[in-house]
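**Student:** Quick note, the sequences are listed as chains W and H, same order.
Each residue of the first sequence is one higher than the one before, starting from 2 at the first, in the working numbering.
Each residue of the second sequence is one higher than the one before, starting from 2 at the first, in the working numbering.
We put the beta carbon where it would ideally sit given N, CA and C, even for glycine.
The structure displayed is predicted, hence computed values, not measured ones.
Number of protein chains: 2
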Amino acid sequence: MNLLLLEPDQLDADGRARLSGAALVHVREVLGKTVGSSIKVGVRGGLRGRAEVLAFDEHRLELACVLDEEPPYKRPIELVLALPRPPVLRRLLQHVTAMGVRRVVLCHSARVEKSYWSSPAVAAAEIDANVRLGLEQACDTVAPLVETRLRLRPFVEDELAPRLDARRLLADPSGASACPCDVEGATIVAIGPEGGWVPFELGLWADAGFLCVNLGPRILRVETAVIAALARLG
Amino acid sequence: MNLLLLEPDQLDADGRARLSGAALVHVREVLGKTVGSSIKVGVRGGLRGRAEVLAFDEHRLELACVLDEEPPYKRPIELVLALPRPPVLRRLLQHVTAMGVRRVVLCHSARVEKSYWSSPAVAAAEIDANVRLGLEQACDTVAPLVETRLRLRPFVEDELAPRLDARRLLADPSGASACPCDVEGATIVAIGPEGGWVPFELGLWADAGFLCVNLGPRILRVETAVIAALARLG
Numbered sequence: 002m003n004l005l006l007l008e009p010d011q012l013d014a015d016g017r018a019r020l021s022g023a024a025l026v027h028v029r030e031v032l033g034k035t036v037g038s039s040i041k042v043g044v045r046g047g048l049r050g051r052a053e054v055l056a057f058d059e060h061r062l063e064l065a066c067v068l069d070e071e072p073p074y075k076r077p078i079e080l081v082l083a084l085p086r087p088p089v090l091r092r093l094l095q096h097v098t099a100m101g102v103r104r105v106v107l108c109h110s111a112r113v114e115k116s117y118w119s120s121p122a123v124a125a126a127e128i129d130a131n132v133r134l135g136l137e138q139a140c141d142t143v144a145p146l147v148e149t150r151l152r153l154r155p156f157v158e159d160e161l162a163p164r165l166d167a168r169r170l171l172a173d174p175s176g177a178s179a180c181p182c183d184v185e186g187a188t189i190v191a192i193g194p195e196g197g198w199v200p201f202e203l204g205l206w207a208d209a210g211f212l213c214v215n216l217g218p219r220i221l222r223v224e225t226a227v228i229a230a231l232a233r234l235g
Numbered sequence: 002m003n004l005l006l007l008e009p010d011q012l013d014a015d016g017r018a019r020l021s022g023a024a025l026v027h028v029r030e031v032l033g034k035t036v037g038s039s040i041k042v043g044v045r046g047g048l049r050g051r052a053e054v055l056a057f058d059e060h061r062l063e064l065a066c067v068l069d070e071e072p073p074y075k076r077p078i079e080l081v082l083a084l085p086r087p088p089v090l091r092r093l094l095q096h097v098t099a100m101g102v103r104r105v106v107l108c109h110s111a112r113v114e115k116s117y118w119s120s121p122a123v124a125a126a127e128i129d130a131n132v133r134l135g136l137e138q139a140c141d142t143v144a145p146l147v148e149t150r151l152r153l154r155p156f157v158e159d160e161l162a163p164r165l166d167a168r169r170l171l172a173d174p175s176g177a178s179a180c181p182c183d184v185e186g187a188t189i190v191a192i193g194p195e196g197g198w199v200p201f202e203l204g205l206w207a208d209a210g211f212l213c214v215n216l217g218p219r220i221l222r223v224e225t226a227v228i229a230a231l232a233r234l235g
């Protein structure tokens, strides 16, 4: 945790925050902070800055916060991802939040096991917990929008195909050209499941104007491929 | 597993291989293969190709292999990595092997917990097991060289500083320029521990001719940063 993320209702009008529970334990045990220490803080959806520890006991932590810094820039990149298996989803939400994507859409695909959709990892509370870890890692305060689409075809045809404003990329080993580096402007990048999209789905993406790009000649795991694609897009 | 990796001693002179144990269970249960099925195979350190399942019972799997394809190209990239905590090390060995780096050197740093060095994850057998998973993922047969250096200073000063043949990069949030994309030729990239290198260590790297490059303004976890750096180097 590089930034202690506060919820707006944890902060008084005078910049004081009172914490208990897991946040208190983390500040004391992991960060080793004590009265007078300074901590990097941010308010969910708002500014970030520093806080001084005013008081500290087993039940309560009191902070005086000075919030004067905008959250870091978020790249206009949207990630469309065939729902990965739950442990990979948990880690990927942390990775991609830290990397600063603006929106993540988890979608279905023929090679996504249906049971993944009923995993607790897809429930709003657990998605939020992993997004939060990513924000705290990257000193960010603004969560990406995380959405789900259980039906791929209407999502691609009705929502993505009309997005003529955005560069639309499909990262897939079948791509003829390499995933570009340091792109400018709005970009949507779609990444398939382990085993790849089936031919019908590849046709959907092509018809929706998605350019198929590769990440090298090697077949990568979804977790590796997502980070690699976002790192190249810059 | 996208390729079944055989050890050289599992293969007869006539291209027949007999497997048992975990490999047999995997081919039957996970890949769902049966007599007459074709499987992608490779021989550790050698060629790859296809195998036909000749016979199959609970105790033995017999394959007829035709090996006629070179392993995929390995980029002349060497990764120097401050030893991460064991679960991250396990996953990273899989990621970086799949991505095709030629050599990985795990080194010490002031912010690496000494206890990590006595983890089973650093033992040769477990390193090899994770490298193997990376090879099977990327249909490769040639393992990267994985080495350890417990003393950072002589490693950087005596082994890396004289490597004038190689582009030498240190991926660190303090870098003034962005990590380059699609570099040509021999490249060494060094990535620090969670929390970063201490100032003395940053001085060592600079003195050894390492150019400090960043992966964007966000502080990434080591796992994210390693994949991101390798993906950009191309």
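Suppose the cutoff is 6 Å on Cβ atoms and the five residues either side in sequence are ignored; what does the same chain contact list for A139 of chain W look like?
**Tutor:** The answer, listed in chain order, is A99.
**Student:** Identify, in the order they occur along the chain, each residue of the same chain with its Cβ nearer than 7 Å to the Cβ of A65 of chain H, setting aside the five sequence neighbours on each side.
**Tutor:** Excluding residues within five positions, the ones whose Cβ falls inside 7 Å are G16, R17, A52, E53 and L55.
**Student:** Hey, how far is the Cα of H96 of chain W from the Cα of C108 of chain W?
**Tutor:** Looking at the two C-alpha atoms, the distance is approximately 18 Å.
**Student:** For the putative contact between A229 of chain W and L216 of chain W, defined by C-beta atoms under 8 Å, what is the C-beta separation to the nearest angstrom?
**Tutor:** Yes, they are in contact, since the Cβ atoms of A229 of chain W and L216 of chain W sit about 5 Å apart, within 8 Å.
**Student:** Roughly how far, in whole angstroms, is the beta-carbon of L94 of chain W from the beta-carbon of G135 of chain W, given that I think they are within contact range, below 8 Å?
**Tutor:** Contact flag correct, Cβ pair sits at about 6 Å.
**Student:** Could you tell me how far apart the beta carbons of L234 of chain W and V190 of chain W are, in whole angstroms, since I believe they sit closer than 8 Å?
**Tutor:** Yes, they are in contact, since the Cβ atoms of L234 of chain W and V190 of chain W sit about 7 Å apart, within 8 Å.
**Student:** Rounded to whole angstroms, what's the CA-CA distance from L205 of chain W to V31 of chain H? Just pull it up for me.
**Tutor:** Each residue's Cα considered, the two are about 29 Å apart.
**Student:** Which first and last residues belong to the beta strand (DSSP E) in which I40 of chain W is found?
**Tutor:** Start and end: S39 to V44.
**Student:** Give the secondary structure of E63 of chain W by DSSP, where H, G and I count as helix, E and B as strand, and everything else as coil.
**Tutor:** In the structure shown, E63 of chain W sits in a strand (DSSP, three-state: E or B).
**Student:** Quick check on L25 of chain H: does DSSP put it in helix, strand or coil?
**Tutor:** If DSSP states are grouped into helix, strand and coil, L25 of chain H belongs with the helices.
**Student:** Drop a sphere of 10 angstroms on the beta-carbon of K34 of chain H, count the other beta-carbons inside from all chains shown, and report buried for 16 or more, exposed for fewer.
**Tutor:** Buried is the call here.
**Student:** Does any heavy atom of the ligand ZN sit closer than 6 Å to the C-beta of P155 of chain W?
**Tutor:** Ligands in the displayed structure: none, and consequently the ligand ZN is not present.
**Student:** Near L25 of chain W, what residues of its chain come up, given a Cβ to Cβ distance below 6 Å and the 5 sequence neighbours on each side ignored?
**Tutor:** Excluding positions up to five away in sequence, the list reads L62.
**Student:** Examine chain H for any beta-carbon lying closer than 7 Å to the beta-carbon of N3 of chain W, and answer yes or no.
**Tutor:** It does: the Cβ of N3 of chain W has a partner Cβ on chain H nearer than 7 Å.
**Student:** Quick check: is the beta carbon of R219 of chain W nearer than 7 Å to any beta carbon in chain H?
**Tutor:** Yes, contact with chain H.
**Student:** Against A99 of chain H, what residues of chain W qualify as contacts under a CB-to-CB distance less than 9 Å, listed in chain order?
**Tutor:** Under the 9 Å cutoff, chain W gives R219, I220, L221, R222 and T225.
**Student:** Can you pull the DSSP bridge partners for C108 of chain W?
**Tutor:** C108 of chain W pairs with W:A83 and W:R150.
**Student:** Would R133 of chain W count as contacting chain H if we go by Cβ distances under 7 Å?
**Tutor:** Not closer than 7 Å to any Cβ of chain H, the Cβ of R133 of chain W fails to qualify, so no.
**Student:** Tell me the start and end of each unbroken alpha helix (DSSP H) in the region 145–196 of chain H that is at least 4 residues and wholly inside, in chain order.
**Tutor:** Entirely contained in the region 145–196 of chain H, not one alpha helix (DSSP H) run reaches 4 residues.
**Student:** Please classify L151 of chain H as buried or exposed, where buried requires at least 16 neighbouring CB atoms within 10 angstroms.
**Tutor:** That one is exposed.
**Student:** Please state if the CB of R49 of chain W and the CB of E8 of chain W are separated by a distance shorter than 7 Å.
**Tutor:** Result no, Cβ atoms of E8 of chain W and R49 of chain W do not sit closer than 7 Å.
**Student:** Hey, would you say A122 of chain H sits closer than 7 Å to R91 of chain H, going by beta carbons?
**Tutor:** Yes.
**Student:** For E60 of chain W, which of W:S116, W:L20 and W:N3 has the nearest alpha-carbon?
**Tutor:** What sits at residue 60 of chain W in the sequence shown is His, not Glu. The residue with the shortest Cα to Cα distance from H60 of chain W is W:L20.
**Student:** So P87 of chain W contacts chain H; which residues on that side make the cut at Cβ distance below 7 Å?
**Tutor:** Correct list: empty, because the minimum Cβ distance to chain H is about 16 Å.
**Student:** Should Y117 of chain W be labelled buried (16 or more other beta-carbon atoms within 10 Å of its own) or exposed?
**Tutor:** Flag for Y117 of chain W reads buried.
**Student:** From the beta carbon of A232 of chain H, is the nearest beta carbon of chain W less than 7 Å away?
**Tutor:** Yes, its Cβ sits closer than 7 Å to a Cβ of chain W.
**Student:** Could you tell me the boundaries of the beta strand (DSSP E) in which N215 of chain W lies?
**Tutor:** That run of the beta strand (DSSP E) goes L212 to N215.
**Student:** Where does L165 of chain W land, buried or exposed, given buried means 16+ other C-beta within 10 angstroms?
**Tutor:** Exposed, because fewer than 16 other Cβ atoms sit within 10 Å of the Cβ of L165 of chain W.
**Student:** Per DSSP, which residues does V54 of chain W bridge with? Please list them.
**Tutor:** BP columns for V54 of chain W point to W:L64.
**Student:** In the DSSP assignment, what are the bridge partners of A18 of chain W?
**Tutor:** Paired residue(s): W:L12 and W:L64.
**Student:** Using C-beta distances below 7 Å, list every residue in its chain close to S38 of chain H, excluding the 5 sequence neighbours before and after it, in chain order.
**Tutor:** The residues are V54.
**Student:** Measuring alpha carbon to alpha carbon, tell me which of H:A14, H:E127 and H:D208 ends up nearest D159 of chain H.
**Tutor:** Ranking H:A14, H:E127 and H:D208 by Cα distance to D159 of chain H puts H:D208 first.
**Student:** For E71 of chain H, does the count of other Cβ atoms within 10 angstroms reach 16, so buried, or fall short, so exposed?
**Tutor:** Classification of E71 of chain H: exposed, given that the 10 Å Cβ count is below 16.
**Student:** Tell me the DSSP secondary structure of L7 of chain H in three-state form.
**Tutor:** Of the three classes helix, strand and coil, the one that applies to L7 of chain H here is strand, per DSSP.
**Student:** Within 10 Å of its beta-carbon, does G101 of chain W have 16 or more other beta-carbons around it, so buried, or fewer, so exposed?
**Tutor:** By the 10 Å Cβ count, G101 of chain W comes out buried.
**Student:** Taking only three categories from DSSP, how would you classify D208 of chain W?
**Tutor:** In the structure shown, D208 of chain W sits in a helix (DSSP, three-state: H, G or I).
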